[in-house]
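Participant: Per the UniProt record's numbering, the sequence shown starts with residue 1, numbered consecutively.
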Amino acid sequence: MSSQENGSSKHPTWPEFKLPDLLSSDTVRQVHATIENEWDPLQRSACQTAAVRTLWFDSKLEAALHSFNDREAQVVLLGAGMDARAYRLSCLKESNVFEVDFPEVLQIKATLLQAAMDSTNDHQYLTMTAKSITRVAADIRSNDWLEKLQISGFVPEKNTVWVLEGILYYLSHSEATQVLEIIADKCSLTNTVLLADFMNKPSTSLSSSIFHFYSDWPDHLLPSLGFSHVKLSQIGDPDAHFGLMHDPLNLFNKLRSLPRSVYTHPDDGTPCCRLYLVEASGSPKQTIP
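1) Tell me whether the segment 255-268 and the segment 65-72 touch, counting them as touching only if at least three CB pairs, one residue from each stretch, are closer than 8 Å.
2) Whole-angstrom Cβ separation of S203 and C273, contact assumed at under 8 Å?
3) Could you check the C-alpha separation between residue 302 and L255 for me, to the nearest Å?
4) When DSSP labels each residue in this structure, what does R256 get in the three-state scheme?
5) Which full runs of the alpha helix (DSSP H) of 4+ residues lie inside the segment 132-200, going along the chain?
6) Based on the DSSP secondary-structure assignment, which residues constitute the bridge partners of F98?
7) Whole-angstrom Cβ separation of V136 and F98, contact assumed at under 8 Å?
8) Under 8 Å: do the segment 188-198 and the segment 147-164 share three or more Cβ pairs, one atom per stretch?
9) If you count every other CB in all the chains shown that lies within 10 Å of the CB of A116, and 16 or more means buried, which is it?
10) Expressed to the nearest angstrom, what Euclidean distance is found between the alpha-carbon atoms of H241 and S205?
11) Out of I182, N191, E157, E175, state which residue places its alpha-carbon closest to the alpha-carbon of residue 343.
12) Report yes or no: do three or more beta-carbon pairs, one from the segment 223-241 and one from the segment 276-285, lie closer than 8 Å?
13) How is L112 classed by DSSP in three states: helix, strand or coil?
14) Would you kindly check if the distance between the Cβ of L244 and the Cβ of A73 is under 8 Å?
15) Kindly indicate which residue of L106, R260, G79 has the alpha-carbon position closest to the one of V179.
16) Going by CA-CA distance only, name the one from S95, L225, N191 that's closest to T177.
17) Alpha carbon to alpha carbon, how far is D139 from E181? Give it in angstroms, no decimals.
18) Please check the pair S188 and P284, which I expect to be a contact at CB under 8 Å, by giving their CB distance rounded to whole angstroms.
19) Taking 8 Å as the cut-off, decide whether the C-beta atoms of K109 and M128 are in contact.
20) To the nearest angstrom, how far is it from the Cα of L251 to the Cα of K201?
21) Helix, strand or coil for K231? Go by DSSP, reduced to three states.
22) Nearest-angstrom Cα distance between A280 and S119?
23) Just to confirm, are S90 and V75 a CB contact at a threshold of 8 Å?
24) For Q230 versus D216, is the C-beta spacing smaller than 8 Å?
What follows is the structure, given as structure tokens:
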């Protein structure tokens with residue numbers, strides 16, 4: 001079950017915000033002033049983490065697409081939810097985007113997008129920046145989601161970026177491992193890039209009924225599954241900062257100075273809850289038989 005849109009439109013697309021312009025706009029400055037002056041450290045950390053994570057995925061997705069020799073590529077968003085990258089990132093103009101999620105989620109998204117399109121005026125149009133979008137109704141916890149993806153037009157032999165933003169830790173360990181193994185298997189067929197975020201074990205204690213899968217060392221886990229190159233970042237690192245992490249009391253800034261093996265903060269005894277941003281890749285040339 002899938003729905004598809006193509007990239008042609010009589011209306012011009014919304015111009016993509018350039019990051020420096022976006023971050024220096026009056027609206028964004030006002031928002032961040034409110035956050036800095038009125039929110040407590042935990043609230044600030046949560047807001048800044050969400051913003052940094054989004055910007056990290058945006059920047060890594062663009063870099064991955066530019067690294068492919070073949071300009072035409074596929075981007076698969078697992079647990080896509082309300083992700084709107086196909087409508088705002090110009091780097092997707094030559095990419096076929098596949099959004100995978102529960103059918104009811106995709107239906108809600110379609111309704112919201114239609115409402116947004118209906119509410120635009122003569123000067124603004126909500127149109128795709130991606131070459132195409134295909135929405136695939138599937139549960140990635142099941143054994144048939146890849147089959148449904150391929151039936152919907154996904155080609156395993158084409159260069160692909162897999163985006164797993166805010167999804168892995170909701171799965172069980174066996175479910176998450178199976179998803180990662182399926183993606184890793186594609187490294188033997190084509191240039192494959194995985195972009196994902198991982199919680200460490202203490203992070204799952206924030207809500208043990210919601211969060212299940214964790215990895216304290218995803219940079220060790222992913223090579224064991226078949227990825228050749230893995231780069232791990234933490235919120236606040238040079239490539240995961242974006243000028244938003246100035247507060248030294250920010251949860252993640254406090255943790256970056258501690259070894260990743262430390263589970264309890266020595267100053268206050270609180271759990272060291274970490275979120276790892278991970279880029280992994282592989283290709284037929286790099287795959288060891």
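A virtual CB, placed ideally from N, CA and C, is assigned to each residue, including glycine. Since this is a predicted model, take the numbers as computed values, not measurements.
Facilitator: Here's the rundown:
1) no
2) 4 Å
3) Residue 302 is absent from the structure shown; the chain starts at 1 and stops at 289.
4) helix
5) 145-151, 173-185
6) V76, T134
7) 6 Å
8) yes
9) exposed
10) 25 Å
11) For the chain, the structure presents residues 1 to 289; residue 343 sits outside this window and is missing.
12) yes
13) helix
14) no
15) G79
16) L225
17) 16 Å
18) 6 Å
19) no
20) 16 Å
21) strand
22) 40 Å
23) no
24) According to the sequence provided, residue 230 is Val. The question's Gln does not apply to it. Their beta carbons are not under 8 Å apart, which means V230 does not touch D216 by this criterion.
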